[in-house]
Amino acid sequence: MSFINLKEKVVQVKIVYYGPGRCGKTTNLEYINKTYRKQIVSEMVSLKTHGDRTLFFDFLPFDMGKIKGYDIKIQLYTVPGQVKYNATRKLVLRGVDGIVFVADAMAKQREKNIRSLNQLHENLQSYKESIFKIPLVMQYNKVDLKEHGIPILTTDVLQKDLNSRLKVPHFEASAITGYNVAATLKKIISSTVISIQKKLL
Amino acid sequence: MNYGIVSQEQLEQIDTILSDKLIKLGVDCVIIIDMAGNIITAKDNGESKYDVYSFAALAAGNFATVDAMAKLVGEQEFSLLFHKGQDSNIHFSKIDDELLLISMFGKEISLGFLRLNVVDVIEKIRQLWNKK
């Protein structure tokens with residue numbers, strides 16, 4: 001749940017990047033951190049293992065400017081993707097306002113994407129949130145691997161696997177090159193802000 | 202309890218409580234956060250320059266982890282946490298299921314004295330919510 005400070009006119013919005021292990025959640029945040037350095041006052045916080053895998057979460061706050069006189073502070077989080085870390089994944093989802101589901105477009109990851117999305121559904125239920133109601137954007141990451149001859153899933157297949165019932169906005173992306181990282185971010189921010197506005201009215 | 206929107210009046214009352222009871226005592230910085238990592242309010246002595254937003258995210262994560270550990274050993278909760286450093290210390294205390302009070306202070310304040318005041322502050326904030 002977003003927190004609105006009426007005294008200082010600040011709205012804090014929590015957006016979580018969710019997805020299976022090694023799908024590129026942290027890479028998304030790293031790209032945003034690098035590209036929008038000017039808008040970001042803080043350092044990106046990463047709690048990771050020695051092997052550079054996310055242990056708890058990454059955190060990146062940035063200012064989006066003002067809407068109707070209110071300062072919008074966007075807080076981006078990632079969850080640890082590894083299967084064994086579901087307890088910590090759940091903790092990060094607490095109070096979430098919007099979610100980017102990062103799917104790995106590599107053909108061999110097909111099942112892991114589906115399993116991760118199902119778990120997201122369950123985890124949200126434990127907070128009495130619904131995956132069908134919360135602002136959500138799908139990102140099909142790693143499309144650049146096609147050029148390197150690595151088999152990847154087509155968007156049609158991914159749409160059928162992950163988005164046939166949810167019917168949320170989706171983007172093909174390549175977090176490492178930055179392709180559609182900003183587009184994904186813009187979409188989730190606008191959906192989330194609209195949803196918060198609706199809740200308030 | 203709906204804490205999603207706190208009125209200006211309530212925030213000002215909370216700020217006054219924090220200033221009177223903790224900042225005047227010599228605490229460097231006090232933050233109230235929710236368990237999602239949002240800052241409800243932050244007060245400091247004017248000198249400390251902490252990155253309170255990152256701090257809130259980490260503190261919420263930290264507290265949530267400790268909460269999960271409490272459940273593992275059969276406790277309902279560990280309602281307070283204390284980290285001791287060379288020059289600065291951090292004290293975390295639960296206000297209720299959603300809110301956390303964090304105080305950062307130096308070595309010139311004794312932990313016992315701080316804790317007494319924290320208990321007082323929490324009691325006053327709870328009264329404030331109940332009044333609503």
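Quick note, the sequences are listed as chains D and R, same order. Per this note's numbering, the very first residue in the first sequence carries number 1; after that it's consecutive. Per this note's numbering, the very first residue in the second sequence carries number 202; after that it's consecutive. Just so you know, even glycine gets a beta-carbon here, dropped at the ideal spot from N, CA and C. These numbers were taken from a predicted model, which means no experiment stands behind them.
- Residue 24 of chain D is outside the set of residues whose beta carbon lies under 8 Å from a beta carbon in chain R.
- Assignment of alpha helix (DSSP H) within the segment 65 to 149 of chain D, counting only whole runs of 4 or more residues, yields 86 to 93 and 110 to 126 in chain order.
- Residues of the same chain with a CB within less than 7 Å of the CB of residue 253 of chain R, apart from the 5 flanking positions on each side, are 232, 240 and 243 in chain order.
- Neighbours of residue 209 of chain R in chain D, taken as residues at a C-beta separation under 7 Å, are given in chain order as 6 and 7.
- Within the segment 240 to 253 of chain R, the residues whose Cβ lies closer than 9 Å to any Cβ of chain D are, in chain order, 240, 241, 242 and 252.
- Residue burial is scored here from C-beta neighbours: residue 51 of chain D has fewer than 16 other C-beta atoms within 10 angstroms and is therefore classed as exposed.
- Taking C-beta atoms under 8 Å as the contact rule, residue 98 of chain D and residue 135 of chain D qualify, at a distance of about 4 Å.
- For residue 275 of chain R, no Cβ of chain D is located within less than 8 Å of the residue's own Cβ.
- With contacts defined as CB atoms closer than 8 Å, residue 281 of chain R and residue 272 of chain R fail to qualify as a contacting pair.
- Between the C-alpha atoms of residue 217 of chain R and residue 209 of chain R there is a straight-line separation of about 12 Å.
- Across the segment 220 to 235 of chain R, CB contacts with chain D closer than 8 Å involve 235, in sequence order along the chain.
- Taking a C-beta cut-off of 9 Å against chain R, the contacting residues of the segment 23 to 42 of chain D are 41 and 42, listed in chain order.
- Below 8 Å, enough C-beta pairs join the segment 99 to 109 of chain D and the segment 138 to 146 of chain D to call them touching: three or more.
- Beta-bridge analysis with DSSP links residue 281 of chain R to R:294.
- Chain-ordered, the chain R residues with CB closer than 8 Å to the CB of residue 45 of chain D read 255, 258 and 259.
- About 19 Å separates the Cβ atoms of residue 289 of chain R and residue 45 of chain D, ruling out a contact at the 8 Å cut-off.
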